[in-house]
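Student: Just so you know, the first sequence maps onto residues 0 to 422 in numbering that gives the first Met the number 0.
Note that CB positions come from ideal geometry on N, CA and C, so glycine has one too.
All values derive from a computational prediction rather than experimental measurement.
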Amino acid sequence: MAEVIKAPRGTRDILGEEVFLWQRLEEVVRKYALLFGYEEIRTPIFEHTELFTRGVGEETDIVQKEMYTFTDKGGRSLTLRPEGTAPVVRAYLEHGFSVHEPRVKWYYIGPMFRYERPQAGRMRQFHQFGFEALGFGEPACDAEIIHLAWMIYQELGLLDLSLEVNSIGCPLCRPRYIARLREYLAPLEDRLCENCRRRLVSNPLRVLDCKVESCQEVFGEATFPKIQDFLCDACRKHERELFTLLENLRIPFAVNHRLVRGLDYYTRTVFEIKVRHLGAQDAVGGGGRYDGLSQALGGPDVPGVGFASGMERIVLLLEKTTQPSFPFRVYLAPQDEAGEGVLLSLSRELVACGIPFHLDFATKSLKYHLKHAQRMRIRFVVIVGESERTRGVFALKDLASGEQVSLPLSELLARLRKERELC
RNA sequence: GUGAGCGUAGCUCAACUGGUCAGAGCACUGGACUGUGGAUCCAGGAGUUGGGGGUUCAAGUCCCCUCGCUCACCCCA
């Protein structure tokens, strides 16, 4: 056992009972996608590196230190996708949707990759589902995206959700706020952490959500300028309408003046949904409006709004609240080689009836089969040995009650069909 | 990238201040019960105690390095 190869750092296998939780999550996502009219899009796992440097932003942590970038044999620089929005917008532009069908609603489910130190709720390969509405500039669409996220979380039974919303303006008004923020922070610079002093130059908005205590104190003071006072008329109107719509949808939210996002493409609406009991990585989903992304990727001016959700984090929560449900199956336990033949034939009938089964073989004792069936959480076992064969019947044992009956084929199938319905 | 804690059988963990300490339970396989599970009992397989080096008469136990895991910072989903 000296040198077994293990899964790479930050990756893991999803198997056993946990798989049922993932399937449940995916079911709910697809259900709401259908209900809200979002169609699935599947984009490549890797893209040209440039898509992310231009789309996500050169200055972001994702681009600067978290990307899995490699050169292929043709000398191209490629990157394992660290997020889903830029690829979706790329596909939208590449296929000419901006011309022939400018308003689309899409969703995706799949793995993303970021080179980070693994931690609770943070993996190097992780999974997200996300919704994107391209071509929609209306605040109602922001509301729909948030509504959609909220509904999915509700359906999954996630408790203690909190929604925080903010606007980070647009290229018209944001520079004025940033200038004012710099002005305000300049005399307080010595109270800021080292990181923030650097951000003051490179990306002042990020100073707002710094978690260092000394920086928090600076913003605890009422005098710090809030972006809401600097929004242009259009951005202000957009924000107000969104708030009204969220109230009408009865989705509770809090305005967090210091919520900014780590990706450069956001404009106006940004939001984050957090949940308690998740440890340090408590953001279960987040998103916002990205009206500038299309142009950053060389396309026309196309508005867009969307959100993405971390699936590992949701599964972590589901593990605490949800019992995994096991599918109905029948265990086929042959007692000898001839019995294997009979059960193999039976499996054809089961397939025709749509009854799932697990066939094991006669090299094992009946004791083994019964134990094994129980461990697999299978309730019904069909046994075929010599005595069944000579009588032309199947023994059906119910492990829950211990009851066992001998039935001919037609009755066996009828009984199993009935049990499947009940289950 | 930074910090802290931890690495003993597939899993969960024992082994007092270094001295029969390489163990137990669960799981697995077989048997008691020659075709009947969840209980009990017995037996068995499986670990160069993550790897390497050092201190010592003696190291799972102390020191150093390395790898890995976990949590946190950071960042984000």
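Do you know whose CA, among 171, 47, 363, lies nearest residue 73's CA?
Tutor: Numbered from its first residue, the first sequence carries residue 73 at position 74. Closest option to residue 73, Cα to Cα, is 47.
Student: Residue 131 lies in the beta strand (DSSP E); which residues open and close that run?
Tutor: Taking the first residue of the first sequence as 1, we reach residue 131 at position 132. It spans 124 to 133 - the beta strand (DSSP E) in which residue 131 sits, taken as one unbroken run.
Student: Do residue 423 and residue 285 have their C-beta atoms closer together than 9 angstroms?
Tutor: Beyond the ends of the chain as shown, which are 0 and 422, falls residue 423; an answer cannot be given.
Student: Does the pairing of the stretch 374 to 384 with the stretch 317 to 335 give three or more beta-carbon distances under 8 angstroms?
Tutor: In short, these stretches touch, since the Cβ pair count reaches three.
Student: Can you give me the Cβ contacts of residue 15 inside the same chain, cut-off strictly under 8 angstroms, excluding the 5 residues immediately before and after it?
Tutor: On the first sequence, position 16 is the one that residue 15 refers to. Counting only Cβ-Cβ distances below 8 angstroms, and skipping sequence neighbours, we find nothing.
Student: Rounded to whole angstroms, what is the Cα-Cα separation between residue 386 and residue 397?
Tutor: In the first sequence, the residue the question calls residue 386 occupies position 387. In the first sequence, the residue the question calls residue 397 occupies position 398. Computed Cα separation, rounded: 19 angstroms.
Student: Tell me where the alpha helix (DSSP H) around residue 70 begins and ends.
Tutor: Position 71 of the first sequence, counted from the first residue, corresponds to residue 70. Not the alpha helix (DSSP H): residue 70 falls in the beta strand (DSSP E), residues 67 to 70.
Student: Following the continuous beta strand (DSSP E) through residue 303, name the residue where it begins and the one where it ends.
Tutor: Counting from one through the first sequence, the residue named residue 303 turns up at place 304. Note, residue 303: beta strand (DSSP E), 303 to 309.
Student: For residue 116, which of 124, 235, 258 has the nearest alpha-carbon?
Tutor: The sequence position of residue 116 within the first sequence is 117, counting from 1. The shortest Cα separation from residue 116 among 124, 235, 258 belongs to 124.
Student: Assuming residue 333 is part of the beta strand (DSSP E), what are its boundary residues?
Tutor: As a working note, residue 333 is residue 334 in the first sequence. Element bounds for residue 333: 329 to 333.
Student: When you compare each of 226, 298, 334 to residue 90 by their alpha carbons, which one comes out closest?
Tutor: Reading the first sequence from its first residue, position 91 is the one you call residue 90. Ranking 226, 298, 334 by Cα distance to residue 90 puts 298 first.
Student: Under 9 angstroms between the Cβ atoms of residue 79 and residue 35?
Tutor: As a first step, residue 79 must be located in the first sequence, where it is residue number 80. As a first step, residue 35 must be located in the first sequence, where it is residue number 36. Not in contact: residue 79 and residue 35 (Cβ atoms no closer than 9 angstroms).
Student: How big is the Cα-Cα spacing for residue 7 and residue 170?
Tutor: Position 8 of the first sequence, counting from 1, holds the residue named residue 7. Position 171 of the first sequence, counting from 1, holds the residue named residue 170. Roughly 41 angstroms separates the two Cα atoms.
Student: Could you pull out every residue in the same chain whose Cβ sits closer than 8 angstroms to the Cβ of residue 0, ignoring the five residues on either side in sequence?
Tutor: Counting from one through the first sequence, the residue named residue 0 turns up at place 1. Reliability of the predicted coordinates at residue 0 is poor, the pLDDT of 36 falling under 50, and the value obtained from them is presented with this limitation in mind. Nothing listed; no residue qualifies.
Student: By the 10 Å Cβ neighbour count, where 16 or more other Cβ atoms means buried, how is residue 310 classified, buried or exposed?
Tutor: Walking along the first sequence from the start, residue 310 turns up at place 311. Label assigned to residue 310: buried.
Student: First and last residue of the beta strand (DSSP E) that includes residue 187?
Tutor: Residue numbering aside, residue 187 sits at position 188 when the first sequence is read from its first letter. Note, residue 187: premise wrong, no beta strand (DSSP E); not H, not E.
Student: In chain order, which continuous runs of the alpha helix (DSSP H) of length 4 or greater are located wholly inside the stretch 42 to 125?
Tutor: Runs found: 48 to 54, 60 to 64, 84 to 93, 96 to 99.
Student: Cutting at 7 angstroms between CB atoms, please list the residues of its own chain near residue 141, excluding the five before and the five after it.
Tutor: Your numbering for residue 141 matches position 142 in the first sequence. So the qualifying residues of the chain are 241, 268, 288, 304.
Student: State the DSSP-derived secondary structure class of residue 268, mapped to helix, strand or coil.
Tutor: Taking the first residue of the first sequence as position 1, residue 268 is located at position 269. In this structure, residue 268 counts as strand in the three-state DSSP scheme.
Student: What residues in its chain sit with their C-beta under 6 angstroms from that of residue 165, if we drop five residues either side in the sequence?
Tutor: On the first sequence, residue 165 is found 166 positions in, with the first residue counted as 1. Excluding sequence neighbours, residue 165 sits near 255, 258, 269.
Student: Whose C-beta lies closer than 8 angstroms to the C-beta of residue 206 among residues of the same chain, with five residues either side of it excluded?
Tutor: As a position in the first sequence, residue 206 is number 207, starting the count at 1. Closer than 8 angstroms at Cβ, skipping near neighbours: 180, 184, 191, 195, 198, 199, 214.
Student: Of all the options 279, 324, 210, 336, which has the alpha carbon lying nearest to the alpha carbon of residue 360?
Tutor: Position 361 of the first sequence holds residue 360. Comparing Cα positions, the closest option is 336.
Student: DSSP three-state label for residue 288, please.
Tutor: As a position in the first sequence, residue 288 is number 289, starting the count at 1. Of the three classes helix, strand and coil, the one that applies to residue 288 here is strand, per DSSP.
Student: Give every residue of the same chain whose Cβ lies closer than 8 angstroms to the Cβ of residue 348, excluding the five residues on either side of it in the sequence, and list them in chain order.
Tutor: As a first step, residue 348 must be located in the first sequence, where it is residue number 349. So the list reads 408, 412, once near-sequence residues are dropped.
Student: If you reduce the DSSP assignment to three classes, tell me which class residue 382 lands in.
Tutor: Here residue 382 corresponds to residue number 383 of the first sequence, with the count starting at 1. Correct three-state label for residue 382: strand.
Student: Taking the alpha carbon of residue 290 as the reference point, which residue from 250, 5, 84, 19 has its own alpha carbon closest?
Tutor: The count along the first sequence starts at 1 and reaches residue 290 at position 291. Cα-wise, what sits closest to residue 290 is 84.
Student: What do you get for residue 423, buried or exposed, if any count of 16 or more other CB atoms within 10 angstroms of its CB means buried?
Tutor: Limits of the chain in this structure are 0 at one end and 422 at the other, which puts residue 423 out of reach.
Student: Using the C-alpha atoms, what's the distance from residue 346 back to residue 416?
Tutor: Numbered from its first residue, the first sequence carries residue 416 at position 417. Numbered from its first residue, the first sequence carries residue 346 at position 347. Approximately 14 angstroms, taken between the alpha carbons.
Student: Count the other CB atoms within 10 Å of the CB of residue 69; is the residue buried (16 or more) or exposed (fewer)?
Tutor: Here the question's residue 69 lines up with position 70 in the first sequence. Classification for residue 69: exposed.
Student: Can you have a look at residue 44 and say buried or exposed, based on whether 16 or more other CB atoms are within 10 angstroms of its CB?
Tutor: Counting from one through the first sequence, the residue named residue 44 turns up at place 45. So residue 44 counts as exposed.
Student: Among residues of its own chain, excluding the 5 on either side of residue 252, which ones have a beta-carbon nearer than 6 angstroms to its beta-carbon?
Tutor: Position 253 of the first sequence, counting from 1, holds the residue named residue 252. So the list reads 162, 164, 245, once near-sequence residues are dropped.
Student: Between 30, 351, 358, 353, which lies nearest to residue 343 when the distance is taken from Cα to Cα?
Tutor: As a first step, residue 343 must be located in the first sequence, where it is residue number 344. Here the closest residue by C-alpha is 358.
Student: I need the DSSP call for residue 274, collapsed to helix, strand or coil.
Tutor: As a working mapping, residue 274 is identified with position 275 in the first sequence. If DSSP states are grouped into helix, strand and coil, residue 274 belongs with the strands.
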